[in-house]
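S.K.: Below is a structure I'd like to ask you about.
Residue numbers (my numbering), protein chains in the order written: chain Z, 25 to 196; chain W, 25 to 196.
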């Protein structure tokens, strides 16, 4: 049992990993948490590519300047938004809803004692195209984030990001 | 103590509320969870307007067709993205990052025994303008979501949204 607030406040980006493979039960728990996210009009306009094969992870790492750790992480999750299935068939909603699912996935990784990092594909057109090509993702699907996940190789150090200046009472 | 996975899988949209006010400690815990979210290059391009006053909540409810429950919820959180402070000053990143913070806020509400619902402002231009006008939000800030929060008036019924068809192994 992992306390919710402890998970939220201990999550931090993890960029180096032990070589251990993820268990199937862990991959399943991550994806189930992701798909439990809310979405506009409950359209669930998300899909996921789970990459374990080293050769494919290396191709991703080679193509993506901020996802070099995809080569070493035991699993890489590509979180995609699907405009054709989104509220009003909107790419905006597809991307928002996939983002929410991606956050659930990252939090779930923390809860499992794993770690990961959101490396952005969207809105960078060339990264989106590269990932579509490497993984055979259709043109009308938006790969939003490349998320390497594994067991952290070292201590995970969350930042305290609380900032009272970002809170407005009653009006801006 | 609330188990992370139990929270994720028991979260559901809550649209009717008991009249009890939120405690200051609850509002604080919700905002701290929201601000613990990751953001592109850690820019934290989010701000929050917390509306408790009934008159303002009624104005929001009157202006927003899908947020009628703002009139009855004891508190309404307006989650905003701030492009000027986002990675590459990108509105896309501001909206994504604010979405992630908003999901943390909704999950934290569930963990506290509260409930809420994400009612979309972005990408609807007229709702965004209405909320800017009512709350005095600057033109260069994007109010993303209007989130009424309170104690659920009835049982909360989560949907099982797991769909194995949305999972691709190794490639699409």
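Glycine included, C-beta positions come from ideal geometry on N, C-alpha and C.
Between the Cα of residue 75/Z and the Cα atoms of 132/Z, 154/Z, 173/Z and 60/Z, which residue gives the shortest distance?
M.R.: Within the first chain, the letter at position 51 stands for residue 75/Z. Closest by alpha carbon: 173/Z.
S.K.: Counting C-beta neighbours from all protein chains within 10 Å, is the total for residue 150/Z 16 or more, i.e. buried, or is it exposed?
M.R.: Walking along the first chain from the start, residue 150/Z turns up at place 126. Classification of residue 150/Z: exposed, given that the 10 Å Cβ count is below 16.
S.K.: Please check if any C-beta of chain Z sits within less than 7 Å of the C-beta of residue 28/W.
M.R.: The count along the second chain starts at 1 and reaches residue 28/W at position 4. Cβ-Cβ to chain Z under 7 Å: yes for residue 28/W.
S.K.: By a C-beta neighbour count over all protein chains shown, 10 Å radius and 16 as the cutoff for buried, is residue 88/W buried or exposed?
M.R.: Within the second chain, the letter at position 64 stands for residue 88/W. By the 10 Å Cβ count, residue 88/W comes out buried.
S.K.: Is the beta carbon of residue 44/Z closer than 7 Å to that of residue 175/Z?
M.R.: For the purposes of this step, residue 175/Z is taken as residue 151 along the first chain, with counting starting at 1. For the purposes of this step, residue 44/Z is taken as residue 20 along the first chain, with counting starting at 1. Taking 7 Å as the Cβ cut-off, residue 175/Z and residue 44/Z qualify as a contacting pair.
S.K.: Tell me the DSSP bridge mates of residue 197/Z?
M.R.: Since the first residue of chain Z shown is 25 and the last is 196, residue 197/Z is not available in this structure.
S.K.: Would you identify the three-state DSSP class for residue 169/Z, choosing helix, strand or coil?
M.R.: As a working note, residue 169/Z is residue 145 in the first chain. Reduced to three states, the DSSP call for residue 169/Z is strand.
S.K.: What does residue 31/Z reach in chain W if we use C-beta pairs closer than 8 Å?
M.R.: One-based indexing of the first chain puts residue 31/Z at position 7. What residue 31/Z touches in chain W: 28.
S.K.: Tell whether a beta-carbon distance below 7 Å holds between residue 135/W and residue 65/W.
M.R.: Sequence index remark: in the second chain, residue 135/W carries index 111 (1-based). Sequence index remark: in the second chain, residue 65/W carries index 41 (1-based). Contact: no.
S.K.: Which residue or residues does DSSP assign as beta-bridge partners of residue 27/Z?
M.R.: The residue you call residue 27/Z lines up with position 3 of the first chain. Per DSSP, 27/W.
S.K.: Give me the residue from 141/Z, 100/Z and 147/Z with the minimum Cα distance to residue 120/Z.
M.R.: Reading the first chain from its first residue, position 96 is the one you call residue 120/Z. Here the closest residue by C-alpha is 147/Z.
S.K.: What residues in the segment 67–87 of chain W have a beta carbon less than 9 Å from any beta carbon of chain Z?
M.R.: Taking 9 Å as the Cβ-Cβ cut-off against chain Z, the residues of the segment 67–87 of chain W that qualify are 68, 70, 71, 72, 73, 74, 75, 76, 77 and 80.
S.K.: For residue 107/Z and residue 48/Z, which I take to be in contact (beta-carbon distance under 8 Å), what is that distance rounded to the nearest angstrom?
M.R.: For the purposes of this step, residue 107/Z is identified with residue 83 of the first chain, where counting begins at 1. For the purposes of this step, residue 48/Z is identified with residue 24 of the first chain, where counting begins at 1. Going by Cβ atoms, the distance from residue 107/Z to residue 48/Z rounds to 30 Å, so no, they are not a contact pair.
S.K.: Quick one: which chain W residues come within Cβ less than 7 Å of residue 144/Z?
M.R.: Within the first chain, residue 144/Z is the residue found at index 120, counting from 1. The contacting residues are 64.
S.K.: Which bits of chain W does residue 116/Z rub up against, with CB to CB less than 8 Å?
M.R.: Residue numbering aside, residue 116/Z sits at position 92 when the first chain is read from its first letter. Correct list: 119, 146 and 147.
S.K.: Within 10 angstroms of the Cβ of residue 25/W, are there 16 or more other Cβ atoms? Answer buried if so, exposed if not.
M.R.: Counting from one through the second chain, the residue named residue 25/W turns up at place 1. Residue 25/W should be labelled exposed.
S.K.: Judging by CA-CA distance, which residue of 100/Z, 179/Z, 140/Z and 78/Z is the nearest neighbour of residue 38/Z?
M.R.: Within the first chain, the letter at position 14 stands for residue 38/Z. Closest option to residue 38/Z, Cα to Cα, is 140/Z.
S.K.: Using the C-alpha atoms, what's the distance from residue 50/W back to residue 80/Z?
M.R.: For the purposes of this step, residue 80/Z is taken as residue 56 along the first chain, with counting starting at 1. For the purposes of this step, residue 50/W is taken as residue 26 along the second chain, with counting starting at 1. In a straight line, the C-alpha of residue 80/Z is about 45 Å away from that of residue 50/W.
S.K.: For a quick check, are the C-beta atoms of residue 145/W and residue 168/W less than 7 Å apart?
M.R.: Locating residue 145/W in the second chain gives position 121, counting from the first residue. Locating residue 168/W in the second chain gives position 144, counting from the first residue. Yes.
S.K.: Taking C-beta pairs closer than 7 Å, name the residues in chain W that residue 157/Z reaches, listed in chain order.
M.R.: The residue you call residue 157/Z lines up with position 133 of the first chain. Result: empty, since nearest Cβ-Cβ is about 11 Å, beyond 7 Å.
S.K.: Classify residue 73/W as buried or exposed, calling it buried when 16 or more other Cβ atoms lie within 10 Å of its own Cβ.
M.R.: Here residue 73/W is taken as the residue at index 49 of the second chain, counted from 1. That one is buried.
S.K.: At the level of alpha carbons, what is the spacing between residue 191/Z and residue 100/W?
M.R.: Taking the first residue of the first chain as position 1, residue 191/Z is located at position 167. Taking the first residue of the second chain as position 1, residue 100/W is located at position 76. Whole-angstrom Cα-Cα distance: 13 Å.
S.K.: So, helix, strand or coil for residue 117/Z, using DSSP?
M.R.: On the first chain, position 93 is the one that residue 117/Z refers to. The answer is helix: DSSP assigns residue 117/Z an H, G or I state.
S.K.: Which residues does DSSP pair with residue 191/W in a beta bridge?
M.R.: Walking along the second chain from the start, residue 191/W turns up at place 167. Bridge partners of residue 191/W: 72/Z.
S.K.: Is the shortest distance between the beta-carbon of residue 55/Z and the beta-carbons of chain W less than 7 Å?
M.R.: As a first step, residue 55/Z must be located in the first chain, where it is residue number 31. Closer than 7 Å to some Cβ of chain W, the Cβ of residue 55/Z qualifies, so yes.
S.K.: Going by the DSSP bridge assignment, what does residue 65/Z pair with across the sheet?
M.R.: Here residue 65/Z refers to the residue found at position 41 of the first chain. DSSP lists no partner for residue 65/Z.
S.K.: Starting from the beta carbon of residue 162/W, find every residue of chain Z whose beta carbon is closer than 9 Å, and list them in chain order.
M.R.: Here residue 162/W refers to the residue found at position 138 when the second chain is read from its first residue. Those are 196, listed as they occur along chain Z.
S.K.: Going by DSSP in three states, residue 135/Z sits in which element: helix, strand or coil?
M.R.: What you label residue 135/Z is simply residue 111 of the first chain in a count that begins at 1. The answer is helix: DSSP assigns residue 135/Z an H, G or I state.
S.K.: Thinking residue 35/W and residue 182/W are a contact (beta carbons under 8 Å), I'd like their distance in whole angstroms, please.
M.R.: Taking the first residue of the second chain as 1, we reach residue 35/W at position 11. Taking the first residue of the second chain as 1, we reach residue 182/W at position 158. Right, the Cβ-Cβ distance comes to about 6 Å (below 8 Å), so this counts as a contact.
S.K.: What separation, rounded to the nearest whole angstrom, lies between the Cα atoms of residue 92/Z and residue 84/Z?
M.R.: For the purposes of this step, residue 92/Z is taken as the residue at position 68 of the first chain. For the purposes of this step, residue 84/Z is taken as the residue at position 60 of the first chain. One C-alpha to the other measures close to 8 Å.
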